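S.K.: Read in order, the letters of the sequence shown correspond to residues 0 to 462 in numbering that gives the first Met the number 0.
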Amino acid sequence: MMRATRGQETPAAGWPDAAAGMPALRRRVFALAWPAVLEMLLHMSTWVVDTALVGRLGSTPLAAVALGGQVFYMFAFTFGSVGVGATALVARHIGAKEDQRARTASSQAILLALVLGVAGFCGTRAALPLVLRLSGVTADVFAVALPYGRVVSYGVPLMVFNLTASGVLRGRGNTRTPLYVTATTNAVSIVAESLLIFGWGPFPRLEVYGAAIAPVAGMLVGFVLSVWVLFRGNEQASVALSDMVRPDRDNLSRLIRLSVPAGLESLLMDGARTLNMALIGVLGSSALAAYQIIATSESLSFMPGYGFAIAASIVTGQALGARDPSRARRGALVAWQIGAGLMGTVGLTFVLFPRFYISLFTREAAVIAVGAAALRVAGFSEFFVGTTEVFTGALRGAGDTRGAMLITLAGTWALRVPATYLVARRLGLGLSAVWAVMLGDWMLRSILAWLRFRSGKWQRIHL
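1. Is TRP199 helix, strand or coil by DSSP?
2. Using three-state DSSP, classify ILE460 as helix, strand or coil.
3. Under 6 Å Cβ to Cβ from ALA318, same chain only, skipping five residues before and after it: list those, please.
4. Determine, using beta-carbon pairs with one atom in the segment 80–100 and one in the segment 47–56, whether at least three such pairs fall under 8 Å.
5. Using the Cα positions of SER312 and GLY330, report the straight-line distance between them to the nearest angstrom.
6. Is the beta carbon of ALA178 less than 8 Å from the beta carbon of GLY79?
7. Excluding the 5 residues flanking PHE76 on each side, which residues of the same chain have their C-beta closer than 7 Å to its C-beta?
8. Does DSSP classify GLU206 as helix, strand or coil?
9. Which residue marks the beginning of the alpha helix (DSSP H) containing ASN275, and which one marks its end?
10. Residues in the same chain with beta-carbon distance under 7 Å from MET158, minus the five sequence neighbours each way, listed in chain order, please.
11. With a threshold of 16 other CB atoms inside 10 Å of the CB of LEU129, please say whether the residue is buried or exposed.
12. May I have a chain-ordered list of the alpha helix (DSSP H) segments no shorter than 4 residues that lie completely inside the segment 148–227?
13. With 16 as the cutoff for other CB atoms within 10 Å, does PRO201 come out buried or exposed?
14. Helix, strand or coil: which one does DSSP assign to THR137?
15. Quick one, are the C-beta atoms of MET342 and VAL36 less than 8 Å apart?
16. Going by CA-CA distance only, name the one from SER106, ALA403 and ALA216 that's closest to SER152.
17. My output table needs one value for ALA409: the three-state DSSP class, helix, strand or coil.
18. May I ask you to verify whether the segment 287–297 touches the segment 82–90, counting CB pairs closer than 8 Å and requiring at least 3?
19. Between the alpha carbons of MET404 and GLY198, how many angstroms are there, rounded?
20. Return yes when the Cβ of GLY392 is within less than 8 Å of the Cβ of ALA90, no when it is not.
21. Quick one: grab the DSSP three-state call for THR361.
22. What is the residue span of the alpha helix (DSSP H) that PHE379 lies within?
23. ARG248 to ALA164, Cα distance in whole Å?
24. Cα separation between GLN107 and GLY262?
25. Is ILE109 near LEU229, with beta carbons less than 8 Å apart?
26. Looking only at its chain, what residues have a beta carbon closer than 7 Å to the beta carbon of LEU443, apart from the 5 residues adjacent to it on each side?
27. For the alpha helix (DSSP H) containing GLU477, name the first residue and the last one.
28. For LEU428, does the three-state DSSP call read helix, strand or coil?
29. Can you give the beta carbon distance from SER431 to THR387, rounded, assuming they're within the 8 Å contact cut?
30. Compute the distance between the beta-carbons of LEU374 and PHE349, then report whether it is under 8 Å.
31. With a cut-off of 8 Å, do at least 3 Cβ pairs link the segment 365–374 to the segment 415–434?
32. Pick out whichever of ALA365, PHE352, PHE307 and GLY346 has its Cα sitting closest to the Cα of VAL333.
33. What does the Cβ neighbour count give for ARG204, buried or exposed, with the cut at 16 atoms within 10 Å?
34. Quick check: the segment 135–143 against the segment 168–178, are at least 3 beta-carbon pairs closer than 8 Å?
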């Protein structure tokens, strides 16, 4: 187990001491959160542009991209969860002022990411046709979704590596570099999509194939940049090649112990989302297209929740490494107050102006009608999403990835999946009822996350 040693109780670099009070703590939380919020904005901008461009091709291509893309994200985020373990472990070492141990842990995380990236690619290719058949979609949607998913699957190893690299840097308290890498990655992806989907200028019109090739190209650029940042060979480098080529059983076991629950949590979440999409396939391509548009619209509100969840994760990890659980708790509460408050505000705009958001992505009246009604329901869930994200982020930063996983298990598989099956397949109540189920899911998880955080057991976890 990693324990702070005597003489290492001083705050990690950049952190205010206890005497500085809450204003200084808020400033530090903001400094960590705003690059992550902007990074999320950039991620979502790619998704928004992709949805808007593919939506111009019609509901069938949009439904196909939604299904194929969901399989991709399920495997990419599941295997990329090694980045969660890397953040927790590196943050503890940094908080305890153990830079060499942090570098060794970072190197082993990158080694693990390379192996898991290949596994994720193989899993995506194998699962894609199974998920499409399970969804019961029409033959024309299947015919577009399968080749799209096969092309975009080449991005899984790249994304797993990039997620892990970001986790390593965040563990050090560096949220700006992942922002810069993401900005470049997404710029390449957006430009490539604009050129390839409709064949602007000298480029061929590839339609859905263009929507698959473009993000892979962007992720490849992100991979190259991440390698340069991690291995640049100066005192700021986070990874040493000499540490990476020699597997370290102790560090690998810690990373696996932290990352497996995080990976299972991601698999549970994305698996439930994938199954949800399969379950609502019977509602028709308009409903499936509306589902994708609502998910994209919701992503606008996820930005502050994501950013302040990252801040809460770093706060708890580094503060516990510095043996200061009080600062860990206070920092997480500050992150929750701001993050959940901002998400609730954005959610209110979904309630008041749902047709505006849906019409940004499609001109089809049937999709707008179905989507606007469901987005209004979704708007009520955003505060609860923010609460869940920030408190589970704090738990993960403390190393309580198992607790975060159990919370996701309770909300998604004990409530969301069976209730969605009931309302969509048995009762045929439509997309608004599906989102009402999701509202119940997020309410349940927010309560469980708060109770787990309030118990304080995460403060006593040794990595």
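The beta-carbon is built from N, C-alpha and C at its ideal position, and this holds for glycine as well. Model, not experiment: these values are computed from the prediction.
M.R.: The relevant details are as follows:
1. In the three-state reduction of the DSSP assignment, TRP199 falls in the coil class, being assigned neither a helical nor a strand state.
2. coil
3. Cβ within range, chain order: ARG326 and ALA327.
4. no
5. 10 Å
6. Here residue 178 is Leu; the residue named in the question, Ala, does not match the sequence. Cβ distance not < 8 Å, so LEU178 and GLY79 don't count as in contact.
7. Cβ within range, chain order: SER265 and ASP269.
8. coil
9. 248–278
10. Non-local beta-carbon contacts of MET158 in its own chain, meaning distances under 7 Å to residues more than five positions away in sequence, involve ALA75, GLY79 and MET218 in chain order.
11. Per the 10 Å Cβ criterion, exposed.
12. Qualifying alpha helix (DSSP H) stretches, in chain order: 155–170 and 175–197.
13. exposed
14. coil
15. no
16. ALA216
17. helix
18. no
19. Spanning the two alpha carbons is a distance of roughly 43 Å.
20. no
21. Coil.
22. Boundaries for PHE379: no alpha helix (DSSP H) harbours it, and the DSSP string shows neither H nor E there.
23. 20 Å
24. 17 Å
25. yes
26. ALA409, GLY410 and LEU414
27. Look at the range of the chain in this structure, 0 to 462, and you will see that residue 477 is not part of it.
28. coil
29. Not a contact, Cβ separation roughly 22 Å.
30. yes
31. yes
32. Minimum Cα distance to VAL333 is reached at PHE307.
33. exposed
34. Here the segment 168–178 does not lie against the segment 135–143, with fewer than 3 beta-carbon pairs under 8 Å apart.
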